[in-house]
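This report refers to the structure that appears directly beneath it.
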Amino acid sequence: MSSNSIWNKVKAMLGNRCPRCHRGKFWEHGNPYVNLFFRGGRMNEVCDKCGFKYEMESGFWYGGMYVSYAINVAILIGGALFTELFFEDLGVWEEAGLISGVMILLIPITFYFSRLVWINFFVKYDPSKWENVPNNSGANQT
Ligand SMILES: [Zn+2]
1063 MSSNSIWNKV
1073 KAMLGNRCPR
1083 CHRGKFWEHG
1093 NPYVNLFFRG
1103 GRMNEVCDKC
1113 GFKYEMESGF
1123 WYGGMYVSYA
1133 INVAILIGGA
1143 LFTELFFEDL
1153 GVWEEAGLIS
1163 GVMILLIPIT
1173 FYFSRLVWIN
1183 FFVKYDPSKW
1193 ENVPNNSGAN
1203 QT
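The sequence shown lines up with residues 1063 to 1204 when you count with my numbering.
As structure tokens, this is what we get:
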């Protein structure tokens, strides 16, 4: 069984899970909108199940912006194809406005998944780690 399969990683990302043990929570709240607007976009500093420190080095999350950019380009291209196919009568400015509106509404989701995708590029799933739970009861305090 390939535990490092793409599908396993996708499931962990959709489930807001730690990239290393797939058990602990990554973001404080699993709903991207609640997380951004009511929790200030905070993520846990370390995994409460395996003790993995999410921000592996200072500035690590800048890389998430590239993922965010890629997601927005995908939305732009997908949105342009969709409006061209199904809303032929729309002018170019209406199309641009519609796609921009969708992008703005999706900001919390884009932000949420950009960091999850970014960290999963670098961290391998390692189920042996989650049993070595350090006694870090204060780990989630900011
Ligand atoms: Zn973990």
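Beta carbons: idealized from backbone N, C-alpha and C, even for Gly. Fair warning: this is a prediction, and the values are worked out from it, not measured in the lab.
Comparing alpha carbon positions, the residue from P1189, F1100, K1191 and L1178 closest to R1079 is L1178. According to the DSSP assignment, W1180 belongs to the alpha helix (DSSP H) that extends over I1169 to F1184. By the beta-carbon neighbour count (other beta carbons within 10 angstroms, threshold 16), D1151 is exposed. In the DSSP annotation of this structure, the continuous segment of the alpha helix (DSSP H) that includes Y1095 starts and ends at P1094 to F1099. Take N1182, set aside five residues on each side of it, and the residues of its chain with a beta-carbon closer than 8 Å to its own are K1071, A1074, M1075 and P1081, in chain order.
Non-local C-beta neighbours of G1103 in its own chain, meaning closer than 8 Å and more than five positions away in sequence, comprise N1097 and F1173, ordered along the chain.
Here DSSP, grouped into helix, strand and coil, assigns K1087 to strand. Classified as exposed, I1139 has fewer than 16 neighbouring CB atoms from the shown chains inside 10 Å of its CB. Here the alpha carbons of G1153 and P1094 stand approximately 32 Å from one another.
The DSSP assignment places complete alpha helix (DSSP H) segments of no fewer than 4 residues inside the region 1097 to 1173 at 1124 to 1148 and 1154 to 1167, in order along the chain. Sorted by chain position, residues whose beta-carbon lies closer than 5 Å to a non-hydrogen atom of ligand 1 are C1080, R1082, C1083, G1086, C1109, K1111, C1112 and F1114. Its chain contains T1172 and S1176 as the residues whose beta carbon lies nearer than 6 Å to that of S1130, once the 5 sequence neighbours on both sides are disregarded; these appear in chain order.
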